[in-house]
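Asks:
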Amino acid sequence: MISVIVPVYNVQSFLKDCVDSIINQTFKNMEIILVDDGSTDDCPFICDEYLKKDNRVKVIHKKNGGLSDARNAGIDIAAGEYITFIDSDDVLEDTMLAYLYELISNAKADMSVCQSMRIDEYGVPLNDKVPVKKDRIIVGNEECMHDFLAANDLGTVAWGKLYKRDLFEDIRYPVGKYHEDVFTTYRLVAKCNRIAIGYEQLYLYRERNQSITQQSFSKKHLDGIYGKLEQAEFIRKNYAHESESLLSSGIIYSANQCLRRIMLSDYRDKDTDVFLQQIYRQYTLSAMTSNLTFFSKIFACLACVNLQLTKNLLSPCIK
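This note's numbering numbers the first residue of the sequence shown as 7 and each following residue consecutively.
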């Protein structure tokens, strides 16, 4: 059985589309765990309606604790051999669970992955197309970690993946952190000896103006960098042969994301600028031999030389 965990918080406009796309999966052997994380809109009532409609649905109503806390609550009661996570404003193609199950079972893997496509608030695809590739299997623990660090289609996000339940035996998502996946996915990968990668775009990720990734900058967004620093320390300790360049590229990528958000906002804080300047000066040179894009490398080099000048020069060009 697959345990499908759906954290729910104030998404009444999208929740029915999400849950219907789960119920209508061609793969039927599942439990659907809806975790109402203290919603103040109609989500609690919508969850309870599905509880009455489908005996595979379980509902948890809890005080608001954030996305990590909601996911953890679902993990704690999950009864399936496998776990997958769905964000409550997203939608699945009806073959996604069957596809992920076939990948993980045929490969005797610990995790399987499909690709995603962005949709807008109205469900219209935003024309993301991944290259046509054959499904593949990563074999060996060190190979799994290297593929993850090299950003070869495995990805950090929690959704779009099917996990063996026992990967979570001693792992939970960090409560109170933004970018909670950054703190967690590498630890799950570190427990894998085989990962099956598929290239079908079956997870539809809805881009909303209200989502965390679209919000103006706050200091909580620095959690992405802290997560990458924690990840790098773990890799150095447990994977001695892994490239320092790959570790630095993840840190610089997160720093670039933070600096870009700052440039799009009216956020001003000297301590944040000092922290980012230190990050760029410590990790930019090492990241230059990584697979970061040319623009990301140039952006980081400029910020390394002078963060404030980079903000002044490039802010009008950032969108």
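Glycine is no exception: its CB is placed at the ideal position from the N, C-alpha and C atoms.
Give, in chain order, every unbroken run of the alpha helix (DSSP H) that is at least 4 residues long and sits entirely within the stretch 160-227.
Replies: 186-195
Asks: If you run the structure through DSSP and keep just helix, strand and coil, what is Leu298?
Replies: coil
Asks: Can you find at least 3 beta carbon pairs, one from the stretch 190-206 and one from the stretch 140-160, that sit closer than 8 Å?
Replies: yes
Asks: In chain order, what are the residue ranges of uninterrupted beta strand (DSSP E) at least 3 long that sit wholly in the stretch 111-160?
Replies: 117-125, 142-145
Asks: Are the beta-carbon atoms belonging to Leu168 and Tyr259 less than 8 Å from one another?
Replies: no
Asks: Which two residues bound the contiguous beta strand (DSSP E) that contains Val17?
Replies: Where Val17 is concerned, there is no enclosing beta strand (DSSP E), given that its DSSP letter is neither H nor E.
Asks: With distances taken Cα to Cα, identify the nearest neighbour of Tyr289 among Ser321, Cys264, Ser255, Lys226.
Replies: Ser255
Asks: When DSSP builds the beta bridges, which residues end up paired with Leu40?
Replies: Note: Leu40 sits in a beta bridge opposite Val12, Val65.
Asks: Check the DSSP bridge columns for Leu98 and list the partner residues they point to.
Replies: Tyr209
Asks: Could you tell me the distance, in whole angstroms, from the CA atom of Ala246 to the CA atom of Ile231?
Replies: 22 Å
Asks: Around the Cβ of Cys120, are there at least 16 other Cβ atoms within 10 angstroms (buried) or fewer (exposed)?
Replies: buried
Asks: Given this structure, state the Cα-to-Cα distance separating Asp279 from Met294, to the nearest angstrom.
Replies: Distance between the alpha carbons of Asp279 and Met294 is about 22 Å.
Asks: When you compare only the Cα positions, how much space is there between Ala196 and Asp116?
Replies: 11 Å
Asks: Could you name each continuous alpha helix (DSSP H) segment of 4 residues or more that falls completely within the stretch 230-285, going from the start of the chain to the end?
Replies: 250-270
Asks: Assuming Gly129 contacts Val163 under a Cβ cut-off of 8 Å, what Cβ separation, rounded to an integer in Å, is found between them?
Replies: With a Cβ gap of about 20 Å, Gly129 and Val163 do not count as contacting.
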